[in-house]
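Sequential numbering of the sequence shown, starting at 365, is according to this note's numbering.
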Amino acid sequence: MMPLEREVLEFVAQVVGGEDAVAVIRALGDRELNDEEIAKKANLKLELARRALHKLYNNLVVRLRRVRDEETGRYKFFWSINVEQIEILVKSWKRKILRKLEAKLKYEEENQFFWCGTPGCRRYTFDEASDNMFRCPRCGQPLEFYDNTKIKEALKAKIEQIRKELAE
Ligand SMILES: [Zn+2]
């Protein structure tokens, strides 16, 4: 599993079932385990592990496989992480990030920026700077043209990377 997938997975687990669910997810890893094994690995009481598993299952984060024990006739339950579902989540997450980055790049491309050079003060667009007579409203220093080429390049590189990942 990719680092982002793991991050998304644990975030979703946290939202769905809190710390117990995160512990269950970590215990599962890439394996398929039964309730007792998960509880032991997650260091949880069986009942708590089961409760977390059901919450995760209801939200499609984990999958369940039932196996009938030929001798006892009873069913055993095996759980594993629903990787396909996590991949869908990661893709939709990435698409959201991509849209935000594209909007940010558009803003950087469509504006000229002015800055006083004081750390902690923000940049101003041309309209904002001219409204303030090219003086920083926060610290009073003159606002000078700010070259945002590096910001645009960094945004473009990130956008390109996410587009590639989404196309995989
Ligand atoms: Zn300033």
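Here a beta-carbon is modelled for each residue, glycine too, at the ideal position from N, C-alpha and C.
Enclosing beta strand (DSSP E) for residue i [first to last residue]
i	result
L428	426-432
E517	Not the beta strand (DSSP E): E517 falls in the alpha helix (DSSP H), residues 513-531.
D440	The sequence shown places Lys at residue 440, rather than the Asp named in the question. K440 -> beta strand (DSSP E) spans 439-445.
C-beta contact flag for residue i and residue j at 7 Å
i	j	result
E472	K516	yes
A385	A413	no
I440	V454	Residue identity differs from the one stated: residue 440 is Lys in this sequence, not Ile. Their beta carbons are not under 7 Å apart, which means K440 does not touch V454 by this criterion.
CA nearest to the CA of residue i, picked from the options
i	options	result
T513	D433, G393, L469	L469
K404	A387, K419, D394	A387
Q505	L519, P483, I526	P483
K458	I526, D491, L420, D394	I526
K535	R499, L462, L392, D491	With the chain represented from 365 up to 532, any question about residue 535 goes unanswered, as that position is not in the structure.
R429	L507, A518, F442	F442
E371	C503, K522, R486, V447	V447
E474	C485, K522, T489	T489
I450	T436, F478, Y421	Y421
G393	P367, K409, C485, H418	P367
L397	A518, L519, R427	R427
L410	E435, E400, N496	E400
C485	Q476, N496, F477, R502	R502
Q476	S444, K464, F509	F509
Residue interval of the alpha helix (DSSP H) (run including residue i)
i	result
F490	490-495
E411	410-422
E401	399-406
Opposing strand residues paired with residue i [DSSP bridges]
i	result
F477	T489, Y510
R370	Note: R370 sits in no beta bridge, so no partner.
R499	P506
Buried/exposed call for residue i, threshold 16 Cβ in 10 Å
i	result
I402	buried
A531	exposed
G437	exposed
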